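K.L.:
Sending over a structure as structure tokens; questions will come in a sec.
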Amino acid sequence: MGRIQKAWERLLAVAPFVPIALACLAGAIFGRSPVLTVFFSGLAFATARPTLRWWIGIAIVAVVVAWRSEVLESPVQKSLASSSSEFVDGVLTVGRKSSPTQAERFGVLDEDGVKRKVIVLEAEGFRPGEVRRIKGKFFVPSRERNPGLFPRIEFWERDGVYGALWIEESALESVDWSSAPYRWAEGLREKLSVSITRGLPAGSSGRDVIMAMVLGEKPPRNSEISTAFRESGAMHVFAVSGLHVTLVGAIFWMVLMHLPIPRRVGVFLVILAMMTYALVTGLRPPAVRATLMAVCFLGAFFFRRRPSVFNALALSFALVVFWKPSQVFDVGFQLSYGVLLAIGAGVGIALKLTGKIAELDPFFPSRLLSDGQRKVLNVRTYFANLGASSLAAWLGSMPIMIWHFGIVTPVAVLTSLLLIPATMVILSLAFFAALVGALDDRLGAGVNRVNGGVASSAFYIAKGFSKVPLGHWRSRRLTPGDWVVFDTHDGGSASFLDVQGGAMIDVGSERFFTSELRPILRRWETKPTLAFLTHPDGDHVGALPEMLNEGMLSKVISPVDEALSPGYREFFSLAKSCGCEAGVGKTGERIDLSDEVWVEILCEGEKGIRNIADNRNMVMKVHWKGWKILVTGDLGMVGELDLIARGIDLSADIVLMGHHEWGFSGQHQFLEASGAEVVISSGASYPGYEMPRESWTRHLKEEGYHLFNQWETGSVIMDFSDEEVTIRAYLDDDRRVVLQR
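Here this note's numbering is used: the first residue of the sequence shown is 620, the next is one more, and so on.
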């Protein structure tokens, strides 16, 4: 115990900014977690020097950060609280791109002295620093109503963005030259993208890896390259991050150490190189944080003080949180500081394990080593240190990765041993190619071809490690529940069942698939193989051709074999050539999805191609661990009465329904015949009949039904067990119902 206390005292002696960092953290989370605020505040007081001056300073820092958090974030949160739209006429100062691969830019909109930070849409023709008189529309989109989508509003909140700006008219008035560094960096980036890929074929793995590692332009998430690096635990190598900034600094330092310049000048030039690289790569938050950490660490040389990793880490943490308190909730921020903290605290311990590969025989004098043996020993020592850092970094990142992404990649420790040196080579060759390419295009292209070979090798290394058994696995599933009833918010329908690789009940419109369903399924890393269709309405089945093109669906159970819907007809014309079995469901048919989940066709669709789609519903019942869910599509009054008259077993615990265009859906007799306790109803503001009637919703509540109106709830998520089923609203997690046997 005494040894630990002495180590702790030594740490605080060389890292006096630790309590300041803890105070900043306490202030940043004040509005979201009072309990953690008290904990970190107490920790800050406990680790500070026991003097009144320090305690007062810590209290002031915590209060100021909490105040800044409220002042900076409250107006933004108020602006983004609900969707809105307004016409604006003002002056826009154009800023940098929101991402190197996006056409959107940050900007500051000034309307009669009232300034708001905005995202400028479709800003390809704009340059940083341009001051424009504009007319357009300022708007805040609605929050994501389905799980699995990129949380755009949360991203804007963290960046202090009030909303988006769509420009209809603009005229250049002047140029704000305070943004000159951004203009220069974007121009340099464009030149670099050409010079470091000259001579490499478009679409080649080498070219794509170079662009991702050097400039941060990653291929799509679902591409083979991205998948290989992600599953091998090497995304920190693949995308521009703090590692790349550190390697850039190391490359420049290795060059400068061979030049006759003072050490302090060399340190200044290294810092300048790192700042330039961060600027050219789009000021990505990880790169900016890494640069700030480097400045805090290397800056000790200017003051002739001994540099301390923990002190530099704490100081940069305090500066970042003080400037923008909301960053503590960003996963990238947590990974950056979590990994560095783990390396600083655990690399010594890890080195006791990995250092064995660099050990010499204790009875062999080191002075007797030959030059060749010394070189081999240096290599072994390098990999021992790299292995220790990789192991500590992986252990530090693992809890955060599990919490946010549900993925464990132990193979990352081995992958890093090969890919971190490869990344340094790729960066070095890219800079060298840019340098010699300025003198001779052919020489630059030759260096690029060599670099392309190294980059391709890095890809194949990542791909190989991604295939290692138990090299990566999911600690939890990516889908939020057993059954997700998507909110298509257009009168359509789409549901995902997390069983046997994924099944769908209706697939939504083509527009819904392109804008929401496809990115959701990609994020969940799943490709549904089976789909059930309720009726041939374009808003329910229009995505079928697109899903075939994406390699999804090997079997589709449809209500009818022909219809007027263009998407429906296109699907049947493509199905056979795409290897998809397309059949019509038969009344009484049972389709097993697993041992505990199966679908029963209660009624097939009505024949007759000229009949409207809503009258051609295939009604089905899903049995899930003994629970019964009745799916009626857009069945109307006539269809519901017909099912009752035919004596079909409608018993169910949950009814999933839409709205009939020409007839009332969900009438009292039908719901009573089902005996259901929960009704999930789609909802859309247009056309009017897609919105549940107020009298109907009021009646259901009076009769004791639990109604999930998707206009209010967004997606509805269901989880099944043998003893109970939980139904909850995506937009309001407190709104949930638990049915028990």
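For each residue, glycine too, the CB sits at the ideal point set by N, CA and C. Computed from a prediction, not measured in an experiment: that's the story for all the values here.
1) Is V950 near I1019, with beta carbons less than 9 Å apart?
2) State yes or no: is the beta carbon of I815 nearer than 9 Å to at least one beta carbon in chain C?
3) Mapping the DSSP letters down to three states, classify R715 as helix, strand or coil.
4) Among R777, K734 and A742, which has the Cα closest to the Cα of E689?
5) Indicate the three-state DSSP secondary structure (helix, strand or coil) for N1067 in the structure shown.
6) Counting only the same chain and skipping the five closest in sequence on each side, list residues whose C-beta sits under 6 Å from that of V856.
7) Quick check on the DSSP output: the alpha helix (DSSP H) that includes Q1359 runs from which residue to which?
8) Anyone know if the C-beta pair for W579 and W1102 falls short of 9 Å?
9) Classify Q992: buried if its beta carbon has 16 or more other beta carbons within 10 angstroms, exposed otherwise.
10) Whole angstroms are fine: how far does the CA of L807 sit from the CA of S1112?
11) Just to confirm, are G726 and V739 a CB contact at a threshold of 9 Å?
12) For D1353, count neighbouring C-beta atoms within 10 Å of its own C-beta (all shown protein chains included) and say buried if the count is 16 or more, exposed if not.
13) Please state whether DSSP places M1239 in a helix, a strand or coil.
14) Give every residue of the same chain whose Cβ lies closer than 6 Å to the Cβ of Y1007, excluding the five residues on either side of it in the sequence, and list them in chain order.
15) Using the Cα positions of I1336 and F1327, report the straight-line distance between them to the nearest angstrom.
16) Do I1021 and R1095 come within 9 Å of each other at the CB atom, strictly closer than that value?
17) Assuming contact is defined by CB atoms lying nearer than 9 Å, are I753 and D795 in contact in what I supplied?
18) Quick one: does the C-beta of M830 sit closer than 8 Å to a heavy atom of the ligand GTP?
19) Report the CB separation of S1177 from L1152 in whole angstroms; it is logged as a contact under 8 Å.
20) So, at 7 Å on beta carbons, what are the nonlocal neighbours of L791 in its own chain, with the 5 sequence-adjacent residues on each side left out?
21) Tell me the DSSP secondary structure of M1276 in three-state form.
22) According to the neighbour-count rule (16 or more other Cβ atoms, all chains shown, within 10 Å of its Cβ), is S1016 buried or exposed?
23) Is it buried or exposed for L1046, if we count other Cβ within 10 angstroms and need 16 for buried?
24) For R840, which of helix, strand or coil comes out of DSSP?
25) Could you tell me which residues DSSP puts in a beta bridge with H1325?
26) Between the Cα of R817 and those of V899, R1061, M894 and R1130, spot the shortest distance and give me the residue it belongs to.
27) Under three-state DSSP, which class holds S703?
28) What does DSSP give as the partner residue(s) for V998 in the beta ladder?
29) Return the chain-ordered ranges of every beta strand (DSSP E) run that is complete within the region 999-1055 and spans a minimum of 3 residues.
30) Just reading off the alpha helix (DSSP H) that F936 is part of, what are its end residues?
31) Pull up the DSSP beta-bridge partners for K734, would you.
32) Classify S945 as buried or exposed, calling it buried when 16 or more other Cβ atoms lie within 10 Å of its own Cβ.
P.N.:
On the basis of the coordinates in this document:
1) Yes, Cβ-Cβ distance for V950 and I1019 is below 9 Å.
2) Among the chains of the structure shown, chain C does not appear; only one protein chain is present.
3) In this structure, R715 counts as strand in the three-state DSSP scheme.
4) Minimum Cα distance to E689 is reached at R777.
5) Of the three classes helix, strand and coil, the one that applies to N1067 here is helix, per DSSP.
6) Its chain contains L1038 and T1042 as the residues whose beta carbon lies nearer than 6 Å to that of V856, once the 5 sequence neighbours on both sides are disregarded; these appear in chain order.
7) Counting along the chain, Q1359 falls outside any alpha helix (DSSP H), though it belongs to the beta strand (DSSP E) covering R1355 to Q1359.
8) The chain is shown from 620 up to 1360; residue 579 falls before or after that span and cannot be answered.
9) Per the 10 Å Cβ criterion, exposed.
10) Taking the straight line from one Cα to the other gives about 48 Å.
11) Yes, they are a contact pair.
12) Burial call: exposed.
13) It is a strand residue.
14) The sequence given here places Ala at residue 1007; Tyr does not occur at that position. Shown here for A1007: same chain residues with a beta carbon closer than 6 Å to its own, the five before and five after excluded, namely V966, A969, L970 and T973 in chain order.
15) F1327 has its alpha-carbon roughly 11 Å from the corresponding atom of I1336.
16) Going by C-beta atoms, R1095 is nearer than 9 Å to I1021.
17) For I753 and D795, no; Cβs fall outside 9 Å.
18) For the ligand GTP, the structure offers nothing, since it holds no ligand at all.
19) Rounded to the nearest angstrom, the Cβ distance from S1177 to L1152 is 5 Å, consistent with a contact under 8 Å.
20) By the criterion of a C-beta distance shorter than 7 Å, L791 is surrounded in its chain by E749 and R751, once the five residues flanking it on both sides are discounted.
21) Secondary structure of M1276 (DSSP, three-state): strand.
22) By the neighbour-count rule (16 or more Cβ atoms within 10 Å), S1016 is buried.
23) Around the beta carbon of L1046, 16 or more other beta carbons sit within 10 angstroms, so the residue counts as buried.
24) Looking at R840 - three-state DSSP - the assignment turns out to be coil, as it is neither helix nor strand.
25) Looking at the DSSP output, H1325 bridges to V1297.
26) Nearest C-alpha to R817 among V899, R1061, M894 and R1130: R1061.
27) S703: strand per DSSP, three-state reduction.
28) Beta-bridge partners assigned by DSSP to V998: none are found.
29) Secondary structure remark: continuous beta strand (DSSP E) runs of at least 3 residues inside the region 999-1055: none found.
30) Start and end: V928 to W942.
31) DSSP lists D729 as partners of K734.
32) Its Cβ being crowded by 16 or more others within 10 Å, S945 is buried.
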